[in-house]
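Numbering of the sequence shown is given in our numbering, commencing with residue 5 and proceeding in unit increments.
We treat Cβ as the ideally placed atom computed from N, Cα and C, and that holds for glycine.
These figures come from a predicted structure and were not determined experimentally.
Data block below; observations after.
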Amino acid sequence: MKLTFKVFTASLFFSIGVQAQTQTAPKDRGCATQIPAAAWDTWFNQKVAEYQQNLAGTKTQSTNYTIPVIVHVIHGGQNVGSYPNLSQAQINSQITVLNNDFAGIGLNANNLAATGFSTVGAADCSISFCPAQIDPSGNTLAEPGINRVNYATNAWTNPASITSQSSFRSYVDGVIKPGTIWDPTRYFNIWITDRNTNVNLLGYATFPIGTGLIGIAGTGQSTNDGIYVWSRAYGSTGVLSPPYNRGRTATHEVGHWLGLRHIWGDANCGNDFCNDTPVQQTSNFGCKIYPANTSPSLSCGSAIGDMFMNFMDYSDDACLYMFTPNQSARMNTAMTNGTFRNQLTASSDNLCDNVSAVIPFADFSFPTTVACIDSIVTINNQSTGTPPPTYSWSVNPNLSGTFNFNPNINAVMPNITFAALGTFTVTVFATNAAGTASSSKVITINDCSTVGFKNNSSLQKSIVLSPNPSSGVVNITTASAQNQNLEVAVHNYLGEFVISAIYKDANLNAPSLDLNAYANGVYFISINNGIEKIVKRVILNK
Numbered sequence: 005m006k007l008t009f010k011v012f013t014a015s016l017f018f019s020i021g022v023q024a025q026t027q028t029a030p031k032d033r034g035c036a037t038q039i040p041a042a043a044w045d046t047w048f049n050q051k052v053a054e055y056q057q058n059l060a061g062t063k064t065q066s067t068n069y070t071i072p073v074i075v076h077v078i079h080g081g082q083n084v085g086s087y088p089n090l091s092q093a094q095i096n097s098q099i100t101v102l103n104n105d106f107a108g109i110g111l112n113a114n115n116l117a118a119t120g121f122s123t124v125g126a127a128d129c130s131i132s133f134c135p136a137q138i139d140p141s142g143n144t145l146a147e148p149g150i151n152r153v154n155y156a157t158n159a160w161t162n163p164a165s166i167t168s169q170s171s172f173r174s175y176v177d178g179v180i181k182p183g184t185i186w187d188p189t190r191y192f193n194i195w196i197t198d199r200n201t202n203v204n205l206l207g208y209a210t211f212p213i214g215t216g217l218i219g220i221a222g223t224g225q226s227t228n229d230g231i232y233v234w235s236r237a238y239g240s241t242g243v244l245s246p247p248y249n250r251g252r253t254a255t256h257e258v259g260h261w262l263g264l265r266h267i268w269g270d271a272n273c274g275n276d277f278c279n280d281t282p283v284q285q286t287s288n289f290g291c292k293i294y295p296a297n298t299s300p301s302l303s304c305g306s307a308i309g310d311m312f313m314n315f316m317d318y319s320d321d322a323c324l325y326m327f328t329p330n331q332s333a334r335m336n337t338a339m340t341n342g343t344f345r346n347q348l349t350a351s352s353d354n355l356c357d358n359v360s361a362v363i364p365f366a367d368f369s370f371p372t373t374v375a376c377i378d379s380i381v382t383i384n385n386q387s388t389g390t391p392p393p394t395y396s397w398s399v400n401p402n403l404s405g406t407f408n409f410n411p412n413i414n415a416v417m418p419n420i421t422f423a424a425l426g427t428f429t430v431t432v433f434a435t436n437a438a439g440t441a442s443s444s445k446v447i448t449i450n451d452c453s454t455v456g457f458k459n460n461s462s463l464q465k466s467i468v469l470s471p472n473p474s475s476g477v478v479n480i481t482t483a484s485a486q487n488q489n490l491e492v493a494v495h496n497y498l499g500e501f502v503i504s505a506i507y508k509d510a511n512l513n514a515p516s517l518d519l520n521a522y523a524n525g526v527y528f529i530s531i532n533n534g535i536e537k538i539v540k541r542v543i544l545n546k
C-alpha cells in the first residue's frame with residue numbers, strides 16, 4: 005500500500021527554466037529498463053521487509069556503502085575529449101552528481117522545502133561512488149574509473165549506425181557488454197556510447213539478482229550487469245544534450261540497478277512498493293510546477309499531487325532532486341542481498357583508497373551572465389576532484405545585504421539572490437585532500453522592471469513586442485529603417501535562461517518567438533543589436 009498524503013494547500017510560485025532540446029535529444033526520458041518478473045518482486049520485497057524489520061529491531065546497523073565504478077567509454081578512435089570519447093572531466097562530473105544525489109544534496113534539492121513533500125524529505129541513502137583506481141589485473145589505471153574501448157579496433161559495429169531500439173539493446177547486451185565487462189562482484193560497470201537519433205534512448209539498467217534466482221528477465225547476469233547511458237546524457241559538463249544535461253539519467257538508472265521501480269509503478273496507477281511516494285497515474289515529463297497531478301480527477305493518486313521531482317519519474321534533469329527514505333531502504337537492501345552488489349563496498353577498500361587524491365578542477369556556470377534584481381540565479385557547479393571536494397562560495401564586492409546564498413555558502417549547487425544593482429564576481433573554492441582550486445565568473449544585475457538597460461536608446465524606441473500579454477507567440481517588430489542582426493534571449497522572472505534566437509537582417513519584418521511550450525508568467529526578453537542591449541518584459545497568458 006502507498007501512503008496517503010494530507011492535502012497541502014499552499015501555492016508555490018516558481019518555475020524552472022527549460023532549455024530547448026537539440027535534434028538528437030530523445031522525445032522523453034527514454035528509459036528502456038526491463039520490468040522484472042513477479043518472482044523477482046516477491047523475492048526483493050521480502051528482503052526489503054526483512055531489512056526494515058531488522059533495522060527497526062537493531063539487528064541490522066545502518067551502513068555506509070561505497071561503490072567502485074568503472075566507465076566503459078565506447079568510441080571510434082576519436083581523440084580523448086572529442087565526442088564520443090568523452091573527456092575525463094565530463095566522466096568525473098557524473099561521479100560528483102551521483103554522490104550529491106544519493107546524499108540528498110544535489111542540484112535544486114533545496115526546492116523541496118517549498119513543496120508538500122518536505123515532511124518526507126530527500127533521503128541521504130548512505131551510498132557513495134568512487135572511480136576505481138585499479139584494473140582487474142592489479143594495474144593502476146591512468147585515468148581512474150575509465151576504460152576506453154575502440155569499437156573499430158575490436159571490429160565491432162558503430163553503435164550510432166543502429167537505427168532501432170531493440171537492435172541497439174541486443175548489440176549492447178550481446179556484444180559490447182560481454183566483451184568489456186569487469187567482474188561485477190568487484191566493479192559497478194557503466195557503459196556509455198553514442199547512438200542513432202531513431203533509437204530514442206537515454207539509458208537502461210539491470211535489476212539486482214539474488215541467490216536462487218536464475219533466468220529472470222531484466223536482472224543482471226555476469227556478462228551484462230550494470231547500466232547503459234547515452235554519452236550526451238552522461239555527466240554535468242562537456243558535450244551534453246539539454247534538457248538531459250545535469251547527470252540525472254545515470255542517477256535514475258542507478259536507482260533501477262539498486263532495485264527501484266518507476267515511481268508510477270510501471271502501470272496505470274501502479275505500485276512502486278514504497279509507502280512514502282504517492283500513487284500517480286503515469287509518468288511526468290518536462291518541468292512541472294508544484295502541485296501537479298497526472299490524474300486530475302484523482303481516480304488514483306493524492307490531492308497533494310505527484311512527486312514529479314523524484315529521480316524515478318521522467319521529468320527533465322533540472323527538475324529531479326530526491327529519493328525518499330523508503331527508496332533508500334530498498335537500495336540498501338540491494339546492497340545487502342544482491343549477488344553483484346553485496347561485495348562492492350569491501351572491494352572499494354582495495355580499488356578506491358590506495359591512490360593519492362587528485363587536486364580539484366574548479367568550474368561553474370550561470371544560466372545567464374545578466375540577471376534581474378531580486379531574481380534567483382541558479383549555479384551549475386561543474387567542479388570535479390578525487391575525492392569529491394567540499395565547496396565555499398564568495399561574492400565581490402561583498403556589501404551588506406547585497407546577496408544571499410541558499411541554502412548556504414558551502415552548498416554544492418547554491419542559488420544566489422542579488423538585492424542590489426551592479427556587476428559582481430562570484431568565486432567557488434573547491435577543496436579536497438590534494439589541495440584547493442578556484443574559479444570566478446562575472447554577473448551583471450539589472451533592474452528588469454524598466455523597459456531596458458538604456459532608457460532612452462534608439463533600439464528601445466524602435467522595438468515593439470506584440471501581443472503583450474501573449475497567448476504563446478510573441479512578435480518582435482523593429483521600426484528601424486536599417487537592417488539589423490538581433491540576438492534575442494528569453495529568461496523567466498527568476499532570471500533563468502529559457503530560449504534564445506538570432507535574427508539576421510531584421511528591419512520592418514516581424515521575427516517571432518514561440519513560447520507555447522513554457523508556463524504562464526512574466527518573461528524578460530533581452531535584445532542585442534551589437535551596439536546596445538535592451539530588456540523588455542512580456543506576460544505569457546495562454
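Inter-residue Cα distance where the pair is A237 and V542: 33 Å
C-beta atoms of H79 and N89 nearer than 9 Å: yes
Nearest-angstrom Cα separation, counted from C452 out to F528: 7 Å
Enclosing alpha helix (DSSP H) for S466 [first to last residue]: 462-466
Cβ pair count under 8 Å reaching 3, the stretch 312-332 against the stretch 180-189: no
Residue burial classification, G534 (beta-carbon count within 10 angstroms, cutoff 16): exposed
Environment of A271 [buried if 16+ CB atoms lie within 10 Å]: exposed
N520 versus N114, Q82, A42, P473, residue with shortest Cα-Cα distance: P473
Inter-residue Cα distance where the pair is V526 and I218: 56 Å
Euclidean distance between Cα positions of V539 and A36: 43 Å
Beta-carbon contacts of S332 that lie in its chain and below 6 Å, excluding the five residues immediately before and after: A127, C129
Whole-Å CB distance - V124 paired with T337, under 8 Å assumed: The Cβ separation is near 19 Å, so there is no contact.
Cα-Cα separation, T349 to I71: 6 Å
For Y318, three-class secondary structure by DSSP: coil
Cα-Cα separation between N436 and Y208, rounded to whole angstroms: 33 Å
N297 - DSSP class collapsed to helix/strand/coil: coil
Pick from N400, S475, T482 that is closest to S466, judged by C-alpha positions: T482
Among G274, C304, H266, the one whose alpha carbon lies nearest that of S319: H266
Sequence-distant residues of the same chain with beta carbon closer than 6 Å to D276, five excluded per side: R265, I267, G269
For I213 and I185, the rounded distance between their alpha carbons: 17 Å
Local conformation of P393 per DSSP, three classes: coil
Sequence-distant residues of the same chain with beta carbon closer than 8 Å to P364, five excluded per side: S387, T388, G389, P393, A434, T435, N436, A438, G439, T440, A441
Cut-off 8 Å between Cβ atoms - residues of its own chain near T427, not counting five sequence neighbours on either side: V446, I447, T448, I449
Close-in-space but distant-in-sequence residues of the same chain around L116 (CB under 8 Å, 5 per side omitted): S122, G125, A126, M313, Y325, M326
Of the listed residues A113, I194, A254, A118, nearest to I150 (C-alpha basis): I194
Run of the beta strand (DSSP E) containing R173, from where it starts to where it stops: From DSSP, R173 is part of no beta strand (DSSP E) but of the alpha helix (DSSP H) over 169-175.
Three-way DSSP call (helix, strand, coil) for D128 in this model: coil
Outcome for D229 when other beta-carbon atoms lying within 10 angstroms are tallied against a minimum of 16: buried
Span of the alpha helix (DSSP H), counted from its first residue to its last, around P182: 181-184
Closest Cα partner of N103 within the set V416, F48, G274: V416
Exposure of I506, with buried meaning 16 or more beta-carbon neighbours within 10 Å: exposed
Cα-Cα separation between G34 and V203, rounded to whole angstroms: 9 Å
Heavy atom of the ligand GTP within 8 Å of S287 beta-carbon: Looking at this structure, you won't find the ligand GTP or any other ligand, since it has none at all.
Assumed close pair T223, P401 - CB separation to whole angstroms, cut-off 8 Å: With a Cβ gap of about 57 Å, T223 and P401 do not count as contacting.
Run of the beta strand (DSSP E) containing D518, from where it starts to where it stops: 516-518
Local Cβ density within 10 Å of K508, reported as buried at 16 or more and exposed below that: exposed
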